[in-house]
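Q: Submitted below is the structure of interest, expressed as structure tokens.
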Amino acid sequence: MLLSFYKIVITCQAVIYKYERLPMKKADLLLHPVRMRIIQQLLMEESQTILQLAEALGDVPQATLYRHMKLMLEAQLIEVVQINKIHGQEERVYAAVKENLSISGSEAYSASQEEHMRYFSIFHANLLQQATTYLSKTSAEHYETDGFGYWNAPLHMSDEEFASFVSGINELLEQVAANKPTPERKTRLFASMMIPLLQNQQVKESNDEY
């Protein structure tokens with residue numbers, strides 16, 4: 001299901017995290033503040049050199065960037081797609097391996113409460129960082145035209161209605177997921193989460209267990 005905790009990136013094929021059957025260790029590989037930013041940058045630009053990534057992620061020390069890039073290369077989350085020769089030196093160009101950027105649904109469901117809270121905290125922190133960067137560099141008159149906003153709303157749906165709702169959103173996402181960057185297109189981060197709201201009795205029963 002694309003709209004679930006982390007298709008993180010809980011979204012569509014172009015976004016970062018989708019539920020499929022993959023090793024559990026991938027959660028810790030993907031759900032890391034710096035590595036998430038690297039992958040998002042590669043997804044936005046399709047491919048970049050280390051120098052381009054270092055410029056885009058200006059607050060990440062170069063040694064830290066190299067360390068995370070090496071780890072992601074070994075895990076096959078990213079790959080070298082081109083090698084340029086510049087003054088006798090090799091310059092590697094990196095891209096995200098989109099089909100490997102997934103967290104297993106079964107593994108997510110088997111994660112402990114503590115693990116889910118940690119993953120969710122990292123997810124939320126990444127969004128906060130993105131929003132902070134945008135707000136610090138953008139004046140208020142641009143918010144509406146840029147489409148900046150955040151909201152939540154309780155929705156009353158049966159399981160069947162919910163499945164139809166998610167399917168409809170996924171169809172809309174798939175219409176734009178493959179769009180390539182162009183001068184007239186703005187890059188907007190779409191993030192989603194779905195949190196079932198417990199009724200009072202369910203909350204009481206849950207608290208009674210502790």
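Numbering (the UniProt record's numbering), first residue to last: 1 to 210.
No residue lacks a Cβ here, since even glycine has one placed at the ideal position from N, Cα and C.
(1) Quick one: using the 10 Å Cβ neighbour count with 16 as the cut-off for buried, is isoleucine 16 buried or exposed?
(2) Using the beta-carbon count (16 or more within 10 Å), is serine 192 buried or exposed?
(3) Where do the ends of the alpha helix (DSSP H) carrying lysine 70 lie?
(4) Tell whether a beta-carbon distance below 8 Å holds between glutamate 79 and valine 60.
(5) Under the three-state reduction of DSSP, which class applies to valine 80: helix, strand or coil?
(6) Assess contact between the region 105-115 and the region 75-90, defined as three or more Cβ pairs (one per stretch) separated by less than 8 Å. Is contact present?
(7) What does the alpha-carbon distance come out to for the pair leucine 197 and methionine 36?
(8) Please return the same chain residues whose Cβ sits closer than 8 Å to the Cβ of phenylalanine 165, not counting the five positions on each side in sequence.
(9) Quick check: the region 86-106 against the region 49-67, are there 3 or more CB pairs under 8 Å?
(10) Give every residue of the same chain whose Cβ lies closer than 7 Å to the Cβ of leucine 42, excluding the five residues on either side of it in the sequence, and list them in chain order.
(11) Measuring straight from C-alpha to C-alpha, what distance separates threonine 182 and arginine 188?
(12) Quick one: measure Cβ to Cβ for isoleucine 122 and lysine 26, integer angstroms, because I've assumed they're closer than 8 Å.
(13) With DSSP as the reference, label glutamate 184 as helix, strand or coil.
(14) Look at leucine 30 and leucine 101 and say whether their C-beta atoms are less than 8 Å apart.
(15) Give the secondary structure of glutamate 90 by DSSP, where H, G and I count as helix, E and B as strand, and everything else as coil.
(16) Work out the CA separation of alanine 63 and residue 215 for me, nearest whole Å.
(17) Check the C-beta distance from threonine 138 over to aspartate 146 and give it rounded, since I have them as a contact under 8 Å.
(18) May I have the straight-line CA-CA distance separating alanine 56 from valine 176, to the nearest angstrom?
(19) What number of angstroms, rounded off, separates the C-alpha of alanine 163 from the C-alpha of glutamate 45?
(20) Apart from the five residues just before and just after isoleucine 195, which ones in its own chain have a Cβ nearer than 7 Å to its Cβ?
(21) Pick helix, strand or coil for alanine 153, following the three-state DSSP scheme.
A: Looking at the atomic coordinates:
(1) In this prediction, isoleucine 16 has a pLDDT of 36, which is less than 50 and means its spatial position is unreliable; what the coordinates show is noted afterwards. The residue is buried, with at least 16 neighbouring Cβ atoms inside 10 Å.
(2) With 16 or more Cβ atoms within 10 Å of its Cβ, serine 192 is classed as buried.
(3) For lysine 70, the enclosing alpha helix (DSSP H) begins and ends at 62-74.
(4) Valine 60 is positioned such that its CB atom lies no closer than 8 Å to that of glutamate 79.
(5) Three-state result, valine 80: strand.
(6) Contact fails: fewer than three Cβ-Cβ distances are below 8 Å.
(7) Approximately 28 Å, taken between the alpha carbons.
(8) Closer than 8 Å at Cβ, skipping near neighbours: Leu155 and Met157.
(9) Contact annotation: the region 86-106 touches the region 49-67, with at least three C-beta pairs closer than 8 Å.
(10) For leucine 42, where only same-chain residues beyond five positions count, the Cβ hits under 7 Å are Gln48, Ile78, Tyr94, Ala95 and Ala96.
(11) Rounded to whole angstroms, the gap between the alpha carbons of threonine 182 and arginine 188 is 13 Å.
(12) Actually they are not in contact, since the Cβ atoms of isoleucine 122 and lysine 26 sit about 14 Å apart, beyond 8 Å.
(13) In the three-state DSSP reduction, glutamate 184 falls in the coil class, being neither helix nor strand.
(14) Yes; because the gap between Cβ atoms is below 8 Å, this pair is in contact.
(15) Looking at glutamate 90 - three-state DSSP - the assignment turns out to be strand.
(16) The chain is shown only over 1 to 210; residue 215 falls outside these bounds and no answer can be derived.
(17) 7 Å between Cβ atoms; contact.
(18) When rounded, the separation of the alpha-carbon atoms in alanine 56 and valine 176 is 24 Å.
(19) C-alpha separation (whole angstroms): 32 Å.
(20) Correct list: empty, nothing qualifies.
(21) The answer is coil: DSSP assigns alanine 153 none of H, G, I, E or B.
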